[in-house]
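The block underneath contains the structure these notes are about, expressed in structure tokens.
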Amino acid sequence: MNKMIIPLIACIACAVIVSVTAVSVRPEQNLNIENEKKLKILAAAGIVTNEVDKEFSKIETLYIDFISNQLIQINGNYDHIKASASAESSSIIPKNQDIAILKRRENVAPIYVWYSKEEQIEKVVLPIRGYGLWGTLYGYISLDADLNTVKGIEYYDHKETPGLGGEVDSPAWKSDWNGKKVYNSSGEVILYVTKGPSSEDYEIDGISGATLTSNGVTNMIRYWLGENGYGPVLQQLREGSVKA
Amino acid sequence: MKAISVKETRKLLFTPIVENNPIALQILGICSALAVTVKMDVTLIMCIALTSVVTLSNLFISIIRHYIPDSIRIIVQMTIISSLVIIVDELLKAYAYEASKQLSVFVGLIITNCIVMGRAEAYAMKNPPIKSMLDGFGNGLGYSFVLLVVAAIREIFGSGTFFGMQIMPESYPVNNFLLLPPSSFIIIGIMIWVIRSFSKSQVEENDNPLKAHTFKPLKVKKEVQSG
Numbered sequence: 001m002n003k004m005i006i007p008l009i010a011c012i013a014c015a016v017i018v019s020v021t022a023v024s025v026r027p028e029q030n031l032n033i034e035n036e037k038k039l040k041i042l043a044a045a046g047i048v049t050n051e052v053d054k055e056f057s058k059i060e061t062l063y064i065d066f067i068s069n070q071l072i073q074i075n076g077n078y079d080h081i082k083a084s085a086s087a088e089s090s091s092i093i094p095k096n097q098d099i100a101i102l103k104r105r106e107n108v109a110p111i112y113v114w115y116s117k118e119e120q121i122e123k124v125v126l127p128i129r130g131y132g133l134w135g136t137l138y139g140y141i142s143l144d145a146d147l148n149t150v151k152g153i154e155y156y157d158h159k160e161t162p163g164l165g166g167e168v169d170s171p172a173w174k175s176d177w178n179g180k181k182v183y184n185s186s187g188e189v190i191l192y193v194t195k196g197p198s199s200e201d202y203e204i205d206g207i208s209g210a211t212l213t214s215n216g217v218t219n220m221i222r223y224w225l226g227e228n229g230y231g232p233v234l235q236q237l238r239e240g241s242v243k244a
Numbered sequence: 245m246k247a248i249s250v251k252e253t254r255k256l257l258f259t260p261i262v263e264n265n266p267i268a269l270q271i272l273g274i275c276s277a278l279a280v281t282v283k284m285d286v287t288l289i290m291c292i293a294l295t296s297v298v299t300l301s302n303l304f305i306s307i308i309r310h311y312i313p314d315s316i317r318i319i320v321q322m323t324i325i326s327s328l329v330i331i332v333d334e335l336l337k338a339y340a341y342e343a344s345k346q347l348s349v350f351v352g353l354i355i356t357n358c359i360v361m362g363r364a365e366a367y368a369m370k371n372p373p374i375k376s377m378l379d380g381f382g383n384g385l386g387y388s389f390v391l392l393v394v395a396a397i398r399e400i401f402g403s404g405t406f407f408g409m410q411i412m413p414e415s416y417p418v419n420n421f422l423l424l425p426p427s428s429f430i431i432i433g434i435m436i437w438v439i440r441s442f443s444k445s446q447v448e449e450n451d452n453p454l455k456a457h458t459f460k461p462l463k464v465k466k467e468v469q470s471g
């Protein structure tokens, strides 16, 4: 028994030191993650910059209430990912609608809007997420002033295989999104990730060796931009029946 | 505790760089040498991370070496090493976020880096703390030396930059081969060749020499056919 005392103390000491370090650097890490998200929002909209906060101050954050499909006001910090995990601020998605395999959807989600000088929407960035192969992909998609043409897409967190599904991060694949159309004339989401190279303006290049990731991307686009996601509010904004 | 002479300190610190290099002679820790040597700045952070882990793990393991029961020594070593690696990983995530994203799993994989385990088992378990620490630091320097040379070659001739600064003419095309991991194999191979042609003592004896070709016709036994 005596022999085990020192190793035991060493283990406890290690555990304590690791925990203390992890807890004490958590604020800095969270700051980095927040900054990363902001960078990705800007990157989705095609803005590459070092002055994140300055660029970010040009954006207006609006909130969409999915239950009433209206824009609402929220003051202070609101984390929609956190909200989607708690019972009060989210709702269960019925199985037949849950194509992106999310289980719960937050009741309110932020959208990021750029306005032109004439108070017109110049572009928007919408948070999207959905299940790929190994886990949920978290990202942003950016739409142009017509709220139909894609500007760009960025993922800030995913667990896909590097080199295969991980190619969602590759500049070559992301560049294929620019200029693609989300909706057809009757307002349905038709954009999808095809197999092989894309030929139509509602097709995105498939990622070779990553069919399930590609399908996951298609499904999250269909879900979030569809009628259970941002679709109705985007429609109202397009028609001008709602002033953002 | 006995003081360590200058000569011995120098020996502990500098023999692992060329004469007894962990990568070039012992061929340990190759996997991170392949994976994280595309850009100098990332490589430098990896080198600092590994050097600090191997130095401190050698120190702590050596301090408690008399009290570690033989049967569980690997577990105790792993506990200390992995704690140090987690601390390094957390610190990188807080203060060098960009680099930590690029290093991704390779910081965590320092835990299984053969150099760290190898020095703990081969040196720190048998030698006093200060000497072990110097040995760990020396081996970290040896690892860093190889990684930085490989990274310099790969970054300069691969993407035409050095620490992100453009040094090749703008027209220099990106050399994709050097950006991919297999090129490190070739660069490390050439480094080993160069080192061994200067210090012959590193050349290993050929255990399985090929038979010299002979021009004599082979005597073929004629099979006696019976019946």
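These protein sequence lines are chains A and B, in that order.
Mapping of the first sequence onto our numbering: position 123 corresponds to residue 123, and the numbering continues sequentially without gaps.
Quick note: to get our numbering, add 244 to the position in the second sequence (first position is 1).
The C-beta atom is built at its ideal place from N, Cα and C for all residues, glycine as well.
Contact check for Ile121(A) and Tyr115(A): beta-carbon distance about 6 Å, within the 8 Å limit, so the pair qualifies.
Among the residues of chain A, none has a CB under 9 Å from the CB of Pro372(B); the nearest is roughly 17 Å distant. The stretch 338-356 of chain B makes contact with the stretch 285-292 of chain B, as at least three CB pairs between them are under 8 Å.
For Ile312(B), the number of other beta carbons within 10 angstroms of its own is at least 16, and it is reported as buried.
Straight through space, the alpha carbons of Glu263(B) and Ser443(B) are spaced by roughly 8 Å. Between Gly152(A) and Trp177(A), the gap from beta carbon to beta carbon is short of 9 Å. Taking CB atoms only, Asn50(A) has no neighbour in chain B less than 9 Å away. Residue burial is scored here from C-beta neighbours: Val16(A) has fewer than 16 other C-beta atoms within 10 angstroms and is therefore classed as exposed. Against chain B, the CB of Glu160(A) has no partner CB under 9 Å away; the residue lies outside that interface.
Scanning Thr136(A), Gly209(A), Leu234(A) for the CA closest to the CA of Glu167(A) turns up Gly209(A).
Residue burial annotation: Gln321(B) is buried, with at least 16 other C-beta atoms found within 10 angstroms of its C-beta. At a cut-off of 9 Å between beta-carbon atoms, Pro313(B) makes contact with chain A.
When Ala109(A), Lys58(A), Arg238(A) are compared, the shortest CA-CA separation from Ile67(A) is found for Ala109(A).
Put simply, the stretch 26-40 of chain A touches the stretch 143-157 of chain A. At least three CB pairs are less than 8 Å apart. Of the candidates Leu256(B), Ile289(B), Ser441(B), the residue whose Cα lies closest to the Cα of Tyr341(B) is Ile289(B). Between Val233(A) and Ile101(A), the C-beta gap is not smaller than 9 Å, which leaves the two residues out of contact. CA-to-CA, the gap between Ile305(B) and Ser89(A) works out to about 50 Å. In the DSSP assignment, Ala343(B) is bridged to no other residue.
As DSSP reads the structure, Lys455(B) sits in no beta bridge. Thr259(B) and Arg398(B) have their C-alpha atoms spaced approximately 26 Å apart. Taking 9 Å as the CB threshold, Val108(A) stays off the interface with chain B.
Beta-bridge partners assigned by DSSP to Gln410(B): Thr405(B). Between the alpha carbons of Met409(B) and Phe401(B) lies a distance of about 13 Å. In terms of CA proximity to Leu237(A), Asn69(A) leads the group Gln29(A), Ile47(A), Leu137(A), Asn69(A). Taken in chain order, the whole beta strand (DSSP E) runs of length 3 or more contained in the stretch 101-173 of chain A are 104-106, 108-115, 121-131, 136-144, 150-157.
The C-alpha of Asp201(A) is placed about 20 Å away from the C-alpha of Thr211(A). A direct Cα-Cα distance of roughly 41 Å separates Met361(B) from Arg129(A). Lys255(B) has a beta carbon lying at 9 Å or more from every beta carbon in chain A. Counting other Cβ atoms within 10 Å of its Cβ, Ile41(A) reaches 16 or more and is therefore classed as buried. Sequence-distant Cβ neighbours of Gly196(A) in its own chain, meaning closer than 6 Å and more than five residues away, are Gly206. A direct Cα-to-Cα measurement between Leu257(B) and Met377(B) gives close to 10 Å. Under a criterion of Cβ atoms nearer than 7 Å, the residues of chain A adjacent to Ile330(B) are, in order, Val18. Taking CB atoms only, Leu347(B) has no neighbour in chain A less than 9 Å away. In the DSSP assignment, Ile92(A) falls within the beta strand (DSSP E) that extends over 90-92. Checking the DSSP bridge columns, you'll see Asp65(A) partnered with Gln70(A), Val108(A). Taken atom to atom, the span from the alpha-carbon of Ile411(B) to that of Ser403(B) is near 10 Å.
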